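Take a look at the structure below.
2 protein chains.
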Amino acid sequence: MTEFIESIDPKREAIVQAATRLFLNNNYRSVSMDKIAQAAPVSKATLYNHFDSKNALLAAVVGELCGALLQTLTQTLSTTDNVAQNLKKIAEVFVELLYSPDGLAMYRLVIAESHEFPELGQMVYDNGAKIAVAQLESYLQPLNDVGILSIANVRFAADAFFSLLKGELHFRCLLSVQPPPNEQEKTQLIESATALFLQGIGYATN
Amino acid sequence: MTEFIESIDPKREAIVQAATRLFLNNNYRSVSMDKIAQAAPVSKATLYNHFDSKNALLAAVVGELCGALLQTLTQTLSTTDNVAQNLKKIAEVFVELLYSPDGLAMYRLVIAESHEFPELGQMVYDNGAKIAVAQLESYLQPLNDVGILSIANVRFAADAFFSLLKGELHFRCLLSVQPPPNEQEKTQLIESATALFLQGIGYATN
DNA sequence: GTCTATAGATCGATAGAC
DNA sequence: GTCTATCGATCTATAGAC
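In the order they appear, the protein sequences are chains A and B. Heads up, the first sequence is in our numbering, so the first residue is 40 and it goes up one at a time. Heads up, the second sequence is in our numbering, so the first residue is 40 and it goes up one at a time.
Put into structure tokens, the structure is as follows:
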């Protein structure tokens, strides 16, 4: 059995952290390598010793963000048999991620750059939405088989649940038209979305 | 009665058109004023004679795009009394806009820049999603009052319908993870979303 | 590996002739 | 209004000392 020892390079870590903060808080294009080096703080030569290019640094940043994202999404859930309760638990994790300042910033960052840098989009999708939808799908499928739910297309239904949670509110937040929702607004969103979804897939709440 | 005569400046028109094409096809930051002037084609001094800055040019571009957007969204609809049919008509217009190459590109452009340029987000929201949701809301409200529908929150329901149409598919397209849907896929999306929505708001299809 | 210093290109914006 | 030419700043990336 081989043992993997992650050697942690403190300079590299500092660079990635500084770059992450700058990329999320500002536009990728408006952040220069000088600013990143200054914020780390390291010299620019050191920066280029660890990362071949600015694009490579962005890939590393998004990669590490995806790691954290994946860890949050795959945390265990669903301990009760109550479908509505379990859906709300899933919703809470998702909504917390989606409307967090970093979550919104990552969304903006990746959407802006994925057109000229497709690997980014693939990475975020595979470690985010894809996992979430697959999890919900594998939760709904057996319930549908047994007849507790009556869903025509389970895959579409799983998509739909997250879409309802995203909603136009998420769009407004991305456009900086309104600030992220507070706890009360998030709870209300989850309630409304869950209710419409459950009725939409033929589950009678009571 | 005063008559307004729009004097059309061909140079200005050429600049806006060239800038629109470049901004939509590439990242705003990676498009230089030199490239825009070259594509128009005009000299850079002429460009700055018509627009004070690159940001002002972006505002003009997005403003004109919003004009076209608004015109498409406010086109008359709903001639039949069939709720499902009317929803599908609304959905068709919305989906066509949302997944068109220019629609996706505009989405990317505005999301990327609205954080450092909030007027952009406000403009697009006021002339796009806001109008669409308001229209659907004013269509659903009387039906709900009469009891044909049983919606707890009409505003949320209107939001929800467009969210279902957007769905994770839109996210994947934005991330360049998959190409925009073809006609068949769009029709299927509209069918699935409408069905789930109608059942979710308590409308019995038959 | 890490630093200082700088190359070489390109950026947004402007001056001055016509 | 439109052009050519260019300014000063800033960008990504690298060279060379230690």
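No residue lacks a Cβ here, since even glycine has one placed at the ideal position from N, Cα and C. Bear in mind the structure is a predicted one, so any value in this text is a computation, not a measurement.
Problem - Three-way DSSP call (helix, strand, coil) for S177 (chain A) in this model - result: For this step, residue 177 (chain A) is matched to residue 138 along the first sequence. Reduced to three states, the DSSP call for S177 (chain A) is helix.
Problem - Length at least 4, wholly inside the stretch 58 to 103 of chain A: the alpha helix (DSSP H) runs in chain order - result: 72 to 78 and 83 to 89
Problem - Reduced DSSP secondary structure (H/G/I, E/B, other) of A243 (chain A) - result: For this step, residue 243 (chain A) is matched to residue 204 along the first sequence. Here A243 (chain A) sits in coil by DSSP.
Exercise for the section: Go to A196 (chain B), then tell me how far its alpha helix (DSSP H) extends in each direction, as first and last residue. Expected result: By 1-based counting over the second sequence, the position of residue 196 (chain B) is 157. Element bounds for A196 (chain B): V193 to L213.
Exercise for the section: Could you tell me whether any Cβ in chain A is nearer than 7 Å to the Cβ of R198 (chain B)? Expected result: Locating residue 198 (chain B) in the second sequence gives position 159, where the first residue counts as 1. Here residue 198 (chain B) turns out to be Asp, not Arg, going by the sequence shown. Yes - at least one Cβ of chain A is within 7 Å of the one on D198 (chain B).
Practice task
Give every residue of the same chain whose Cβ lies closer than 7 Å to the Cβ of M145 (chain B), excluding the five residues on either side of it in the sequence, and list them in chain order.
Solution key: Here the question's residue 145 (chain B) lines up with position 106 in the second sequence. The residues are L63 and L104.
Exercise for the section: Could you have a look at Q217 (chain B) and say whether DSSP puts it in helix, strand or coil? Expected result: To locate residue 217 (chain B), count along the second sequence from 1; it is residue 178. Of the three classes helix, strand and coil, the one that applies to Q217 (chain B) here is coil, per DSSP.
Handout entry: DSSP three-state assignment for D48 (chain B), whether helix, strand or coil
Key = If you number the second sequence from 1, residue 48 (chain B) lands on position 9. Looking at D48 (chain B) - three-state DSSP - the assignment turns out to be coil, as it is neither helix nor strand.
Practice task
With 7 Å as the threshold, decide whether the Cβ of P157 (chain A) is near any Cβ in chain B.
Solution key: Sequence index remark: in the first sequence, residue 157 (chain A) carries index 118 (1-based). Cβ-Cβ to chain B under 7 Å: yes for P157 (chain A).
Practice task
Could you name the residues of chain B that F201 (chain A) contacts, counting a contact when the two beta carbons are closer than 7 Å?
Solution key: Translated into positions along the first sequence, residue 201 (chain A) becomes position 162. Those are E207, listed as they occur along chain B.
Problem - Beta-carbon proximity check, I54 (chain B) vs L86 (chain B), cutoff 7 Å - result: Against the second sequence, residue 54 (chain B) aligns to sequence position 15. Against the second sequence, residue 86 (chain B) aligns to sequence position 47. The answer is yes: Cβ separation under 7 Å.
Handout entry: Segment contact, 8 Å Cβ cut-off, at least three pairs: the stretch 183 to 198 of chain A with the stretch 173 to 188 of chain B
Key = no
Exercise for the section: Sort B:A99, B:N94 and B:L213 by Cα distance to G142 (chain B) and report the nearest one. Expected result: Counted from its first residue, the second sequence places residue 142 (chain B) at position 103. Nearest option by C-alpha distance: B:L213.
Practice task
Take the Cβ of N221 (chain A) as the centre, count every other Cβ of all protein chains shown within 10 Å, and call the residue buried at 16 or more, exposed below.
Solution key: By 1-based counting over the first sequence, the position of residue 221 (chain A) is 182. Result: exposed.
Handout entry: Chain-ordered chain A contacts of V81 (chain B) [CB-CB under 8 Å]
Key = Within the second sequence, residue 81 (chain B) is the residue found at index 42, counting from 1. Within chain A, no residue comes near V81 (chain B); the closest Cβ sits about 25 Å away, beyond 8 Å.
Practice task
Count the CB pairs spanning the stretch 92 to 109 of chain B and the stretch 156 to 166 of chain B that are closer than 8 Å, and state whether there are at least three.
Solution key: yes
Exercise for the section: Could you give the DSSP three-state label for T119 (chain A): helix, strand or coil? Expected result: Within the first sequence, numbered from 1, the residue matching residue 119 (chain A) stands at position 80. The answer is coil: DSSP assigns T119 (chain A) none of H, G, I, E or B.
Practice task
Examine chain A for any beta-carbon lying closer than 7 Å to the beta-carbon of Y178 (chain B), and answer yes or no.
Solution key: Taking the second sequence and counting its residues from 1, one reaches residue 178 (chain B) at position 139. At a cut-off of 7 Å between C-beta atoms, Y178 (chain B) does not count as an interface residue with respect to chain A.
Problem - Endpoints, the alpha helix (DSSP H) within which I150 (chain A) is located - result: By 1-based counting over the first sequence, the position of residue 150 (chain A) is 111. Counting along the chain, the alpha helix (DSSP H) containing I150 (chain A) begins and ends at P140 to E152.
Problem - Per-residue contacts from E66 (chain A) into chain B (C-beta, under 8 Å) - result: Translated into the one-based positions of the first sequence, residue 66 (chain A) becomes position 27. Here the sequence assigns Asn to residue 66 (chain A), which means Glu is not the residue at that position. Neighbours of N66 (chain A) across chain B, judged by C-beta separation under 8 Å: R68, A151, E152, H154 and E155.
Practice task
Using a threshold of 7 Å, state whether the C-beta atoms of L248 (chain A) and I75 (chain A) are closer than that.
Solution key: Outside the displayed range of chain A (40 to 245) lies residue 248 (chain A), so it cannot be described from this structure.
Problem - Reference R211 (chain B), options A:Q217, A:L235 and A:L159, closest by Cα - result: What you label residue 211 (chain B) is simply residue 172 of the second sequence in a count that begins at 1. Cα-wise, what sits closest to R211 (chain B) is A:L159.
Practice task
Put Q161 (chain B) into one of helix, strand or coil per three-state DSSP.
Solution key: For this step, residue 161 (chain B) is matched to residue 122 along the second sequence. DSSP places Q161 (chain B) in helix when its eight states are reduced to three.
Exercise for the section: Could you tell me how far apart the beta carbons of E176 (chain A) and A199 (chain A) are, in whole angstroms, since I believe they sit closer than 8 Å? Expected result: Residue mapping note: residue 176 (chain A) aligns to position 137 of the first sequence, counting from 1. Residue mapping note: residue 199 (chain A) aligns to position 160 of the first sequence, counting from 1. Actually they do not touch by this definition, with Cβ atoms about 11 Å apart.
Handout entry: Contact set between the stretch 181 to 195 of chain A and chain B, restricted to residues whose Cβ is under 8 Å from the partner
Key = Those would be A191, N192 and F195, in chain order.
Practice task
Please report the Cβ distance between A171 (chain B) and F195 (chain B), rounded to the nearest whole angstrom; I am assuming they are in contact, meaning their Cβ atoms lie under 8 Å.
Solution key: Residue mapping note: residue 171 (chain B) aligns to position 132 of the second sequence, counting from 1. Residue mapping note: residue 195 (chain B) aligns to position 156 of the second sequence, counting from 1. Not a contact, Cβ separation roughly 15 Å.
Handout entry: Nearest to R68 (chain B) (by Cα), restricted to the options B:E155, B:Q110 and B:R51
Key = Translated into the one-based positions of the second sequence, residue 68 (chain B) becomes position 29. Selected option, being the one with the closest Cα: B:E155.
Handout entry: For I190 (chain A), three-class secondary structure by DSSP
Key = As a position in the first sequence, residue 190 (chain A) is number 151, starting the count at 1. Coil, per DSSP.
Problem - Cutoff 7 Å; reference T41 (chain B); Cβ partners in own chain excluding five residues on either side - result: Along the second sequence, one-based indexing puts residue 41 (chain B) at 2. Caution is warranted here: a pLDDT of 49 is assigned to T41 (chain B), below 50, making its placement in the model unreliable, and the coordinate value is therefore given only provisionally. Excluding residues within five positions, none has a Cβ falling inside 7 Å.
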